[in-house]
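Engineer:
Numbering (my numbering), first residue to last: 11 to 153.
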């Protein structure tokens with residue numbers, strides 16, 4: 011499993027999420043964001059599929075018990091969030107976005123922030139365990 015690939019995907023998703031959040035910061039003036047929204051969605055869904063099909067199963071086969079347990083829990087927790095994102099994308103057509111811009115902005119901020127928080131949770135919980143299991147270099151101590 012290429013952990014650098016997963017981290018680079020997180021980084022790319024952060025950049026897209028930041029651009030998306032900037033476009034929806036003003037919920038009084040609708041903006042054109044169709045391309046960006048679909049770029050974010052495609053990258054996110056590809057990332058989630060990679061995690062679900064390869065990363066989490068590989069982590070659950072490791073000898074390091076805490077890593078296995080956390081990976082299993084995070085994989086289980088991700089399913090409802092991924093489903094929620096799919097429903098969000100299906101609910102918001104371009105026409106509906108234009109008609110209900112403030113609601114779209116509010117719901118989009120909630121969804122994107124939930125995804126960002128999820129990535130930070132993975133990084134916070136998994137990175138130390140990956141280092142302990144010898145799957146990546148030890149983390150540097152802050153300070």
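Where a beta carbon is used, it is the ideal one built from N, C-alpha and C, also for glycine.
Is there contact here, the region 44-58 with the region 73-83, by at least three beta-carbon pairs under 8 Å?
Structural biologist: Under the Cβ criterion (8 Å, minimum of three pairs), the region 44-58 does not count as touching the region 73-83.
Engineer: For residue 118, count neighbouring Cβ atoms within 10 angstroms of its own Cβ and tell me buried if that reaches 16, exposed if not.
Structural biologist: Sequence index remark: in the chain shown, residue 118 carries index 108 (1-based). Residue 118 comes out buried.
Engineer: Have a look at 85, 33, 105 and 13 and flag the residue whose alpha-carbon is nearest the alpha-carbon of residue 66.
Structural biologist: Position 56 of the chain shown, counted from the start, is the residue given in the question as residue 66. Among 85, 33, 105 and 13, the Cα nearest to that of residue 66 belongs to 85.
Engineer: Assuming contact is defined by CB atoms lying nearer than 8 Å, are residue 116 and residue 36 in contact in what I supplied?
Structural biologist: The sequence position of residue 116 within the chain shown is 106, counting from 1. The sequence position of residue 36 within the chain shown is 26, counting from 1. No. Outside cutoff.
Engineer: Below 8 Å on the Cβ atoms is my guess for residue 54 versus residue 125; work out the distance and round it to an integer in Å.
Structural biologist: Here residue 54 refers to the residue found at position 44 when the chain shown is read from its first residue. Here residue 125 refers to the residue found at position 115 when the chain shown is read from its first residue. Indeed, because the Cβ distance is near 7 Å, the residues count as touching under 8 Å.
Engineer: Starting from the C-beta of residue 121, find all residues in its chain whose C-beta is less than 8 Å away, skip the five residues before and the five after it, and write them out in chain order.
Structural biologist: By 1-based counting over the chain shown, the position of residue 121 is 111. Within the same chain, residue 121 has close Cβ partners 94, 95 and 98.
Engineer: Of the choices 132, 114 and 101, whose alpha-carbon is the least far from that of residue 31?
Structural biologist: As a working note, residue 31 is residue 21 in the chain shown. Closest option to residue 31, Cα to Cα, is 114.
Engineer: For residue 103, which residues in the same chain have their Cβ closer than 8 Å to its Cβ, ignoring the five residues on either side in sequence?
Structural biologist: Here the question's residue 103 lines up with position 93 in the chain shown. Around residue 103: no qualifying Cβ.
Engineer: Leaving out the 5 sequence neighbours to the left and right, which residues in its chain are closer than 8 Å to residue 146 when beta-carbon positions are compared?
Structural biologist: Position 136 of the chain shown holds residue 146. Closer than 8 Å at Cβ, skipping near neighbours: 13, 137 and 140.
Engineer: Any chance you could list the alpha helix (DSSP H) runs of at least 4 consecutive residues sitting entirely within the region 82-139, in chain order?
Structural biologist: Listed in chain order, the complete alpha helix (DSSP H) runs (minimum 4 residues) inside the region 82-139 are 104-109.
Engineer: Quick check on DSSP: helix, strand or coil for residue 47?
Structural biologist: Counted from its first residue, the chain shown places residue 47 at position 37. In the structure shown, residue 47 sits in a helix (DSSP, three-state: H, G or I).
Engineer: Under a three-way DSSP split, which group does residue 58 fall into?
Structural biologist: Translated into the one-based positions of the chain shown, residue 58 becomes position 48. Residue 58 falls in the helix class under three-state DSSP.
Engineer: Check this for me: beta carbons of residue 26 and residue 46, under 8 Å apart or not?
Structural biologist: Taking the first residue of the chain shown as 1, we reach residue 26 at position 16. Taking the first residue of the chain shown as 1, we reach residue 46 at position 36. Yes, the pair counts as a contact, with Cβ atoms nearer than the cut-off.
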